[in-house]
Amino acid sequence: MSDSGILTGEYFINGDEACAEGAIAAGCRFFAGYPITPATEIAERMARRLPQVQGICIQMEDEIASMAAILGASWGGTKSMTATSGPGFSLMMENIGLGMMTETPCVIVNIMRGGPSTGLPTLVGQADVMQARWGSHGDYEVIALSPSSPQEMFNLTIEAFNLSEIYRLPVLILGDELVGHMSEKVIIPPSDQIHQVSRVRPSQSPDGYLPFMAGDNLVPPMACAGEGYHVHVTGLTHDEQGYPQTTAQVHERLVRRLADKIRHNTSKIIQVEEFETANSEVMVVAYGCTSRTAREAVQILRSEGKKVGLLRLITLWPFPEERIRQVAQGIKAFIVPEINYGQIAYEVERCSQGRAETVLLPLMGGAIHTPENIMEAVKEYLP
Amino acid sequence: MKIRYQPIVPFDQEGFNRLKDEQHGLHPDDQYLKPGRIPHIWCPGCGLGVVLNTYINALKMTGIPIDRSVVVSGIGCTGRVAGYLNMDTYHTTHGRAIPFATGLSLTRPDLSVTVFSGDGDLFAIGGNHFIHAARRNVNLKVICVNNFNYGMTGGQVAPTTPVSARTTTTPYGNSEASFNLPYLAHASGAVYVARWTTFHARQLVNAIAETFSIDGFTFIEVIAPCPVGYGRPNKIGSGLDEMIYYKENSIVQNGADPRNVDIALKGKIVVGKFSEEKRPTFLGEYEEKILKKFRRTET
Amino acid sequence: MKFWRLPLDAGSHSIPIGELHIIKDRCKGCGFCIEFCPNQVLKEAPEFNKKGYHPPLVTKQGECVNCNLCEIICPEFAIYSVLKEYKELTAEDIAGYSKK
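For the record, the sequence lines run as chains A, B and C. Residue numbers for the first sequence follow the working numbering, beginning at 3 and rising by one. Residue numbers for the second sequence follow the working numbering, beginning at 1131 and rising by one. Residue numbers for the third sequence follow the working numbering, beginning at 3 and rising by one.
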């Protein structure tokens, strides 16, 4: 282990463990969580690893408390994370909203399993995608990343921390049980090759400081506890001074800025992997574990000469509307395999604006698609 | 889709400055209050201003600088305490002040973290967090303002409402048993447990000041008048009448067994410092038993 | 408690005299300061403040002993006292105190 506590080297570990290592590499020094299958391994790894880098790992009384604790730690100036699965994610929604309203950087990992309710604790699902987008009440924009391998669990966890620090909001990682529990080679680079971003701090003195006054990038610098800025942080609608102002005018200004700081930067945030997309007539849109099957299907079809490609969504939210709109112009159909009864498919259909057909390949959970499932759907359009 | 926005009204810096210039600095304690925030939202006769005042006086007494103290609140009338103090203050979600403060206190052990919240916030929706933070002995100074009802939403029954008391959701009298908060806090592991009323302002200043120097989870229950939500429907009267009631019906009994300090409707109120003990804190143990193992010695 | 004469060590004691400052327009008329002042130096003013409440009024100038109770019990930060001077303890003070 290097001085920075980063485990530089090659490892054969599962996605959950890679996620924990990514967090530590990103500078996370506080973890609060509650055991839940299939995310428990993240908490276990953090409990073992965080003390080695002088960080704190605490098992709270529930997911509500876990989410609240990481917000508190973030205001204490420490990068913080929690990890859970569907039922716990539901409980976190209240304080995710607080994090959005108070612009608190932190990372929430949801290793998705089958739902609703207790559902399929040990089996895969992808049905929390819309909950991640709209789960807490009120209007806000989220950033949600979807890793498809243990290596990506490591990489995207670092990315999630950086995005949360840049845009000052809770960032979600929507993993799934399959990626969380699958073991693969994970390469952890040396610490000097890991890009770490930290929140911008106020440059002026506390006198006359307005804690929620943002510049052109719409992200205000953040003064943490004990730095002498005397910031009031509230989940109520607040003005630039941080004082509660429950008026329509202040609400309009605040909520629009909270959303626009993401909406204005979608081109910087969104990542889509393009696989065999050139001259495609049918496009598979997939994410997480499903994208692995989709890639296999596309490879086989391409070897048969079928003009089919894969758009692998790395960023689920903000949704890559622009790219889907462009692609829709020149193709016959989108094929959307997902382990739910249609969530991202609705977004694809919305963005294709009737130019290309959208075909949903749903699975309710507990199993993954076979390449044949996807190939059959493609062949309807490319016989 | 196309979006046609409403115009944005910019932040009124001048209005804020005017408010600050005209309203701030009239009282010596204004330095402890956020500029331009007084008058507060609490009703005439409400006890919350008194509790805020006593907290400020405890800070003055102990000399803890405002840069070193932090206040975390939940939701409700008491939840608004945080917003008036001229320090780093966090007004969180309903019932979640304690877990938020736990994250803050564990990452910033150099700061004095006080949790201010009401009886409904801390013991109904936040009850589970309270008992667990007390069990872990997280270094938090918890001040619970108990007015026996949910004030902000208009006087509904709370976990502390005495049997037979009338509230807007117990129009025929409360049929539920109520919590004895000092007993609950003591049994959960709080290292310091006291109860005072807002009439006992002086004792309250001393008690809050005393907890600042205690390492661990401390608990002070403050009985406070809520003339609108509790005093009027229960025919106790105004805020002043409630204060006079405390004066006439409080029994100071330091060291009283917390099991015996239940409060009945129009009954006696036992006040005092009930217990204090020493117990390792969460962070102390984590440091000693875990973090130390991995600390590299400086050479 | 009653005193029947001036204590022999009266010379080594004195009475602090406070000067009360009332920020009238902050007052919401709860009456705490008036009711609980140990020397009853306050009463309700006949006039209204900006908010429409009757703020307290100092009736017995010079009898405030700067105990600060009104200051710490005021929910509105509308009253405070500052130490003005120390007064020698006299037989009249003792007699006056015993009457209460």
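Using N, Cα and C, we set each Cβ at its ideal position, and we do this for glycine too. Bear in mind that the values here come from a model prediction, so they are computed numbers and not experimental data.
Short check: CB of residue i to CB of residue j, under 8 Å?
i: R115 (chain A); j: G137 (chain A); result: no
i: A41 (chain A); j: T104 (chain A); result: no
i: W77 (chain A); j: V235 (chain A); result: yes
i: I74 (chain C); j: T1184 (chain B); result: yes
i: V329 (chain A); j: V338 (chain A); result: no
i: L180 (chain A); j: I370 (chain A); result: yes
i: A1163 (chain B); j: F79 (chain C); result: In the sequence on display, residue 1163 (chain B) carries Leu and not Ala. Cβ atoms of L1163 (chain B) and F79 (chain C): closer than 8 Å.
i: P204 (chain A); j: G230 (chain A); result: no
i: V1201 (chain B); j: F1230 (chain B); result: no
i: I346 (chain A); j: E340 (chain A); result: yes
i: V274 (chain A); j: L313 (chain A); result: yes
i: C1173 (chain B); j: V1293 (chain B); result: no
i: Y245 (chain A); j: G1179 (chain B); result: no
i: H240 (chain A); j: L256 (chain A); result: yes
i: G74 (chain A); j: G1233 (chain B); result: yes
Could you give the residue range of the alpha helix (DSSP H) that holds residue i?
i: F38 (chain C); result: F34 to F38
i: A1315 (chain B); result: L1311 to S1318
i: P339 (chain A); result: Where P339 (chain A) is concerned, there is no enclosing alpha helix (DSSP H), although the beta strand (DSSP E) it sits in stretches over A335 to E340.
i: M155 (chain A); result: P152 to Y169
I'd like to know if residue i contacts chain A, where contact means its C-beta is closer than 8 Å to some C-beta of that chain.
i: T1429 (chain B); result: Bear in mind that the predicted position of T1429 (chain B) carries a pLDDT of just 48, short of 50, making it unreliable; the figure below should be weighed with that in mind. No, no contact with chain A.
i: F1230 (chain B); result: yes
i: M1191 (chain B); result: no
i: N1433 (chain B); result: The shown model of chain B, from 1131 to 1429, leaves out residue 1433 (chain B), and the question about it has no answer.
Taking 8 Å as the CB-CB limit, is residue i close to chain B?
i: E65 (chain C); result: no
i: F34 (chain C); result: yes
i: M215 (chain A); result: yes
i: E78 (chain C); result: yes
i: N267 (chain A); result: no
i: Y88 (chain C); result: no
i: K26 (chain C); result: no
i: I74 (chain C); result: yes
i: L73 (chain A); result: yes
i: M62 (chain A); result: yes
i: G228 (chain A); result: yes
i: I58 (chain A); result: yes
i: K30 (chain C); result: yes
i: L71 (chain C); result: yes
Please report the residue range of the beta strand (DSSP E) in which residue i lies.
i: A288 (chain A); result: V284 to A288
i: Y1220 (chain B); result: D1218 to H1221
i: Q61 (chain A); result: I58 to Q61
i: R1167 (chain B); result: That residue, R1167 (chain B), is in no beta strand (DSSP E); it is neither H nor E in DSSP.
i: C108 (chain A); result: C108 to G116
i: N1276 (chain B); result: K1271 to N1276
Within a Cβ cutoff of 7 Å, which residues of the same chain sit near residue i, ignoring the five residues on either side of it in sequence?
i: T1429 (chain B); result: Per-residue confidence for T1429 (chain B) stands at a pLDDT of 48, beneath the threshold of 50, marking its modelled position as unreliable; no derived number is given.
i: M215 (chain A); result: P222 and E242
i: C32 (chain C); result: P77
i: Y343 (chain A); result: P364 and M366
i: L85 (chain C); result: P18, G20 and N68
Check the Cβ of residue i against every Cβ in chain E and list those closer than 8 Å, keeping chain order.
i: R1325 (chain B); result: Given the protein chain composition of this structure (A, B and C), no chain E is represented.
With a cut-off of 8 Å, does the C-beta of residue i fall near any C-beta of chain C?
i: R1102 (chain B); result: No information on residue 1102 (chain B) is available, as it lies outside the stretch 1131 to 1429 that chain B covers here.
i: M1282 (chain B); result: no
Can you find the residues in the same chain that come closer than 6 Å, C-beta to C-beta, to residue i, ignoring five residues on each side of it along the sequence?
i: E65 (chain A); result: Y36, T86, G90, L93 and M94
i: P1410 (chain B); result: none
i: R1325 (chain B); result: P1312, E1351 and V1401
i: Y1322 (chain B); result: T1341, I1344, T1348 and E1406
i: A1188 (chain B); result: V1335, I1338 and A1339
i: D1218 (chain B); result: V1200
Here's a check: name, in chain order, each residue in its chain whose Cβ is nearer than 8 Å to the Cβ of residue i, leaving out the five neighbours to either side.
i: F14 (chain A); result: S185, E186, K187 and V188
i: A1254 (chain B); result: G1225, A1288 and P1289
i: Q153 (chain A); result: A20, E186, K187, V188 and I189
**Asked** Are three or more beta carbon pairs between the segment 1333–1344 of chain B and the segment 1360–1372 of chain B nearer than 8 Å?
**Response** Touching, no.
**Prompt:** Taking contact to mean at least 3 C-beta pairs separated by less than 8 Å, is the segment 1246–1259 of chain B in contact with the segment 62–77 of chain A?
**Reply:** The segment 1246–1259 of chain B is in contact with the segment 62–77 of chain A.
**Item:** Segment contact flag, the segment 282–290 of chain A with the segment 257–265 of chain A, C-beta cutoff 8 Å, min 3 pairs
**Value:** Verdict: no, contact absent.
**Request:** Assess, as a yes-or-no matter, whether the segment 48–67 of chain A is touched by the segment 1205–1215 of chain B under the definition of 3 or more beta carbon pairs within less than 8 Å.
**Result:** They do not touch, by the three-pair rule.
**Contact between the segment 26–40 of chain C and the segment 55–63 of chain C (3+ Cβ pairs under 8 Å)** = Yes: the two stretches touch, three or more of their Cβ pairs being nearer than 8 Å.
**Prompt:** Does the segment 169–178 of chain A come close enough to the segment 148–157 of chain A that 3 or more CB-CB pairs lie under 8 Å?
**Reply:** Yes, they touch.
**Message:** With a threshold of 8 Å, are at least 3 pairs of Cβ atoms found where one atom belongs to the segment 375–385 of chain A and the other to the segment 1413–1423 of chain B?
**Reply:** With a cut-off of 8 Å, the segment 1413–1423 of chain B and the segment 375–385 of chain A do not count as touching, because too few Cβ pairs lie within range.
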